[in-house]
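Residue numbers (this note's numbering), protein chains in the order written: chain A, 64 to 211; chain B, 64 to 211; chain C, 64 to 211; chain D, 64 to 211; chain E, 64 to 211; chain F, 64 to 211.
Step one of this worksheet: look at the structure below.
Number of protein chains: 6
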Amino acid sequence: MNSGTNQQAFGKFSALIALTGEKTALELMPEYQNFKVITGKVGSMDLKKVISSVETAAKRNEMIDGELYRETHALYHAIIEAAEGVTRGKLSVGEVMRTVGLAFSVVRGSPYGDPAEGEWIAVCFYGTIGAPIKGKEHETLGLGINHI
Amino acid sequence: MNSGTNQQAFGKFSALIALTGEKTALELMPEYQNFKVITGKVGSMDLKKVISSVETAAKRNEMIDGELYRETHALYHAIIEAAEGVTRGKLSVGEVMRTVGLAFSVVRGSPYGDPAEGEWIAVCFYGTIGAPIKGKEHETLGLGINHI
Amino acid sequence: MNSGTNQQAFGKFSALIALTGEKTALELMPEYQNFKVITGKVGSMDLKKVISSVETAAKRNEMIDGELYRETHALYHAIIEAAEGVTRGKLSVGEVMRTVGLAFSVVRGSPYGDPAEGEWIAVCFYGTIGAPIKGKEHETLGLGINHI
Amino acid sequence: MNSGTNQQAFGKFSALIALTGEKTALELMPEYQNFKVITGKVGSMDLKKVISSVETAAKRNEMIDGELYRETHALYHAIIEAAEGVTRGKLSVGEVMRTVGLAFSVVRGSPYGDPAEGEWIAVCFYGTIGAPIKGKEHETLGLGINHI
Amino acid sequence: MNSGTNQQAFGKFSALIALTGEKTALELMPEYQNFKVITGKVGSMDLKKVISSVETAAKRNEMIDGELYRETHALYHAIIEAAEGVTRGKLSVGEVMRTVGLAFSVVRGSPYGDPAEGEWIAVCFYGTIGAPIKGKEHETLGLGINHI
Amino acid sequence: MNSGTNQQAFGKFSALIALTGEKTALELMPEYQNFKVITGKVGSMDLKKVISSVETAAKRNEMIDGELYRETHALYHAIIEAAEGVTRGKLSVGEVMRTVGLAFSVVRGSPYGDPAEGEWIAVCFYGTIGAPIKGKEHETLGLGINHI
Chain A
64 MNSGTNQQAF GKFSALIALT GEKTALELMP EYQNFKVITG KVGSMDLKKV ISSVETAAKR
124 NEMIDGELYR ETHALYHAII EAAEGVTRGK LSVGEVMRTV GLAFSVVRGS PYGDPAEGEW
184 IAVCFYGTIG APIKGKEHET LGLGINHI
Chain B
64 MNSGTNQQAF GKFSALIALT GEKTALELMP EYQNFKVITG KVGSMDLKKV ISSVETAAKR
124 NEMIDGELYR ETHALYHAII EAAEGVTRGK LSVGEVMRTV GLAFSVVRGS PYGDPAEGEW
184 IAVCFYGTIG APIKGKEHET LGLGINHI
Chain C
64 MNSGTNQQAF GKFSALIALT GEKTALELMP EYQNFKVITG KVGSMDLKKV ISSVETAAKR
124 NEMIDGELYR ETHALYHAII EAAEGVTRGK LSVGEVMRTV GLAFSVVRGS PYGDPAEGEW
184 IAVCFYGTIG APIKGKEHET LGLGINHI
Chain D
64 MNSGTNQQAF GKFSALIALT GEKTALELMP EYQNFKVITG KVGSMDLKKV ISSVETAAKR
124 NEMIDGELYR ETHALYHAII EAAEGVTRGK LSVGEVMRTV GLAFSVVRGS PYGDPAEGEW
184 IAVCFYGTIG APIKGKEHET LGLGINHI
Chain E
64 MNSGTNQQAF GKFSALIALT GEKTALELMP EYQNFKVITG KVGSMDLKKV ISSVETAAKR
124 NEMIDGELYR ETHALYHAII EAAEGVTRGK LSVGEVMRTV GLAFSVVRGS PYGDPAEGEW
184 IAVCFYGTIG APIKGKEHET LGLGINHI
Chain F
64 MNSGTNQQAF GKFSALIALT GEKTALELMP EYQNFKVITG KVGSMDLKKV ISSVETAAKR
124 NEMIDGELYR ETHALYHAII EAAEGVTRGK LSVGEVMRTV GLAFSVVRGS PYGDPAEGEW
184 IAVCFYGTIG APIKGKEHET LGLGINHI
């Protein structure tokens, strides 16, 4: 389990942002104030749209360098891993008659004590998943982490 | 997305417990003080042991009635859904050379405004996943929700 | 394995309905005559349509209370589990160039001796899966069971 | 959907054997009396043992020629497809803290009108899946079909 | 591992064709000159189109008898297994915001020494997978083998 | 598809090594002589052993810096992606009664023209998968690629 410096808990930080907003997350974990953060929202029956919303937000806010495949690749796999948590084993939304309404956060920084570990990226989704009818839904959460 | 009464956010409450502990979670979401909560920890390369740790804690603390298959079944599927988030699409730990160190929370209550919606259960895991070597790991998170 | 009262075999009952029709199923298992039964047919390359056909039939025939998310949620997961049997590990139909022609049954009742176990729901699909060309197909079967 | 000659329904025949026994299945579908049939039972937390029980029974009863990889390969994939129905998307039993008690049937014959379609094999499992505690289980069903 | 006659390595032969072209493959493995070979290319975000491109090429070039379901079924499962390698555990392309550009080969012959083992088919894909933006992609490879 | 500089085809290079050996691969693609290469063999019913054989070989030969989690993490995900091709959708070997005999290659270098794209790693497995009986097996192939 995570021990030593709290810096390793940047995934927790990204989850707290998705769950409670950036302000509360920073009050709880002020040591992460130097990490880059973006947030957004997306609602869709189309998983493709969920993925591209995060990618677009990350590029537009210069969270990643959209010119580098290396950074796109790292972000993509972090998004997919977070989406696995959201969809729980079936990486599908509309195809299995579900819709999602999600808040997301992306956090980038150096969570390990050793500078040679370099930068990592965390993606967290929190929101609802369910039938495409208001109220016929429950909460869902997913976290993906990758080196960048 | 969740709107209306905040009661629908008991999954968020369970996630905050796993992430920050029950005390902080209750400070952030005091309206959930009447929900039943249990917490625990488990570290293993064996997914079976992760599942049974939550089941045993839930029975021992009378979170579920262990005599009723109905309640065992509801809890089991909530655990498996949370484990899907932890393992991100591969529902395996030791078989793919990974180990996990997890804090977990189980929350039971009536999150919907309509009493006919009855009781629901949320299971959240938060911790680390990685190689069976100290420090070669990153964070992981999973949430499962079911009617009970 | 199932022992004691035969009532526990309501999944078998739902499978016999999908395979042989309700009349033959009741001749073979008359003790289930008090269980609620609906049947239907659906042919599609679109898994979403298969799911929604069962949901619509179940709501229209008052097999479930469409106003309650609890009941929708229980039925949805039973349908998905049955669809896993139909698609055998790939929860996709048209996306992988297959089409299905399915008869389905939904059965609701109290299959366990102990009344505290409450009501359960079974969904069974039986039909064909294959290339979208007549005759280029073989049979397929799937059963899902959930507490409701 | 199945039309024309009923011979195409040998998967239904294998399912009826697993569900009701060979005698009842033949009464319902006498036109299949020339198909080769074997049946057996297996209870385990170990999916490997489930697979090998069917393979061993099929070889011992000369349902397949154990010397030919071709026939072993065809049977193996039919077993795995049937096991996907049993486990519903997670091809694991003991690893996810479940146990199964299954009756199985294997049927071999020429289900298509055209003799050039040759022989096919169907494997069906029916029984229970659940916690490794008596009564904490529900029914499960799976069918796999392959050319041989 | 493959030993004895090199004939068992027709999967390697199909991979070398997809990777280096038929001419180089035959120079490296001239003993396969009597195996039937077809090759093609397909680029798409739609997995269905990838599958049907191989099926159409195989039928048009009389690699399989398109009238027989037996042969269609054998080829279909070989294609799907090769696609599992391409997509690595998520049998989706466009749905998860990816596009593929693939060369494919299909090889048919009798790779085992014993004539009773009959004919087998191998399908290999080699190319790129990635974001639908030029250069934001890496290589991918998949091989499927089935008896026919 | 990959065009421009052939350097982008280091995945093909790693596949040719696993399929034909390093000598032949270098004759076919001499422009990769500056990429780091390791090779090895592993036969097992235990996927964990397959994974750890590659990890151990990569650390012992200084292909990766075993002290850095960053590099371990990149290699691990490349191995898992290659194993997905080998197992084709079921990331299990012994659990589903299969055994593998595999040659593997790991290649590390800078395959993109732009130096900012940095280093990438490719893992390729080639060999056999089948029943744990000599000769009851066919070929299998898998490629995984990651930034490092």
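Ideal Cβ positions, reconstructed from N, Cα and C, are used throughout, including at glycine.
Quick caveat, the model's predicted, so the values are computed rather than measured.
Based on the DSSP secondary-structure assignment, which residues constitute the bridge partners of TYR189/D?
Paired residue(s): ALA166/D and LEU204/D.
Within the continuous alpha helix (DSSP H) that includes LYS112/C, where are the two ends?
Looking at the DSSP string, the run of the alpha helix (DSSP H) that includes LYS112/C is 110-123.
For the 8 Å Cβ check, are there 3 or more pairs between the segment 131-142 of chain E and the segment 133-151 of chain C?
No, because fewer than three Cβ pairs between the segment 131-142 of chain E and the segment 133-151 of chain C fall closer than 8 Å, the two stretches do not touch.
Strictly below 9 Å CB to CB, what residues from chain E border LYS212/F?
Because residue 212/F is not part of the residues shown, which for chain F are 64 to 211, the question remains open.
Assuming ALA185/C and LEU206/C make a contact with CB atoms under 8 Å, what is their CB distance in whole Å?
7 Å between Cβ atoms; contact.
Just to check my reading of the structure: LEU82/D and LEU79/C have Cβ atoms closer than 8 Å, yes? What is that Cβ distance to the nearest angstrom?
Indeed, because the Cβ distance is near 7 Å, the residues count as touching under 8 Å.
Excluding sequence positions up to five away, which residues of its chain have a Cβ less than 6 Å from the Cβ of LYS157/E?
Rather than Lys, the amino acid found at residue 157/E in this sequence is Gly. Result list for GLY157/E: MET108 and ASP109, in chain order.
Hey, GLU147/C and GLY190/D are a contact pair by Cβ (cut 8 Å); roughly how many whole angstroms apart?
Not a contact, Cβ separation roughly 17 Å.
Looking at the strands, I want to know which residues DSSP matches up with ILE101/B.
Its beta-bridge partners are VAL169/B.
Looking only at its own chain, which residues have a Cβ that is under 7 Å from the Cβ of SER155/C, when we skip the five neighbours before and after it?
Correct list, in chain order: LEU110.
Under 6 Å Cβ to Cβ from VAL105/E, same chain only, skipping five residues before and after it: list those, please.
The answer, listed in chain order, is VAL113, SER116 and LEU165.
For LYS99/B, verify whether its CB is less than 7 Å away from any heavy atom of the ligand FAD.
Ligands are entirely absent from the displayed structure, and the ligand FAD is therefore not among its contents.
I'd like the span of the alpha helix (DSSP H) that includes ALA146/F, first residue to last.
Looking at the DSSP string, the run of the alpha helix (DSSP H) that includes ALA146/F is 132-150.
Hey, is GLU180/C's beta-carbon within less than 8 Å of any beta-carbon in chain H?
No chain H appears in the structure shown, which is made up of the protein chains A, B, C, D, E and F.
Which residues, in order along the segment 130-142 of chain E, keep a beta-carbon less than 7 Å from a beta-carbon of chain D?
Those residues of the segment 130-142 of chain E that come within reach of chain D (Cβ to Cβ, closer than 7 Å) are LEU131, TYR132, ARG133, HIS136 and ALA137.
Determine whether the Cβ of LEU165/D lies closer than 8 Å to any Cβ atom of chain F.
It does not; no Cβ of chain F falls within 8 Å.
With 8 Å set as the bound, which would you pick, yes or no: does the beta-carbon of VAL159/D sit closer than that to a beta-carbon of chain B?
VAL159/D counts as touching chain B.
Quick one: what's got a C-beta closer than 8 Å to MET160/E's C-beta in the same chain, skipping five residues either side?
Same-chain partners within the cutoff: ALA194 and PRO195.
With a threshold of 8 Å on Cβ separation, who are the neighbours of GLU144/F within its own chain once the five nearest residues in sequence on each side are excluded?
The answer, listed in chain order, is VAL186, GLY205, LEU206, GLY207, ILE208 and ASN209.
What does a CB cutoff of less than 6 Å around GLY74/F pick up in its chain, not counting 5 residues either side in sequence?
These residues qualify, in order along the chain: ALA185, LEU206 and ILE208.
State yes or no: is the beta carbon of ASN65/D nearer than 8 Å to at least one beta carbon in chain C?
Legend: pLDDT at ASN65/D = 37, less than 50; position of this residue unreliable, no value from coordinates given.
Using only the alpha-carbon positions, how far apart do GLY198/F and TYR132/D sit?
Roughly 7 Å between the two C-alpha positions.
Can you pull the chain E residues whose beta carbon is under 7 Å from the beta carbon of GLY103/F, in chain order?
Simply none; closest approach about 13 Å.
Can the beta-carbon of PHE98/E be found closer than 8 Å to that of ARG171/E?
Yes, these two residues count as a Cβ contact at 8 Å.
Can you tell me which of the three DSSP states SER77/D falls into?
Three-state result, SER77/D: helix.
Return the CA-CA distance between GLN96/B and GLY176/B, expressed in angstroms with no decimal places.
Approximately 16 Å between the Cα atoms of the pair.
Please list, in chain order, the chain D residues whose beta carbon lies closer than 8 Å to that of LYS111/B.
Result: GLY157, GLU158, VAL159 and MET160.
With distances taken between CB atoms, is the gap from SER173/D to GLY181/D smaller than 8 Å?
For SER173/D and GLY181/D, yes; Cβs fall inside 8 Å.
Could you spell out the range, first to last residue, of the alpha helix (DSSP H) harbouring ALA11/C?
Since the first residue shown for chain C is 64 and the last is 211, residue 11/C is missing from the structure and cannot be characterised.
For chain A, check one thing: does any of its Cβ atoms lie closer than 8 Å to the Cβ of GLY198/E?
GLY198/E counts as touching chain A.
Please tell me whether ILE127/B and ALA120/B are closer than 8 Å, where the distance is taken between their beta carbons.
No, the Cβ-Cβ distance between ILE127/B and ALA120/B is not below 8 Å.
Is it true that the CB of GLU134/E sits closer than 8 Å to the CB of ILE211/E?
The answer is yes: Cβ separation under 8 Å.
Report all residues from its chain with a CB closer than 6 Å to the CB of VAL149/A; omit the five preceding and five following residues, and keep chain order.
Result list for VAL149/A: PHE188, THR203 and GLY205, in chain order.
Does any CB atom of chain D fall closer than 8 Å to the CB of GLU90/C?
Output row for GLU90/C: interface = no.
Helix, strand or coil for GLY157/D per DSSP?
Of the three classes helix, strand and coil, the one that applies to GLY157/D here is helix, per DSSP.
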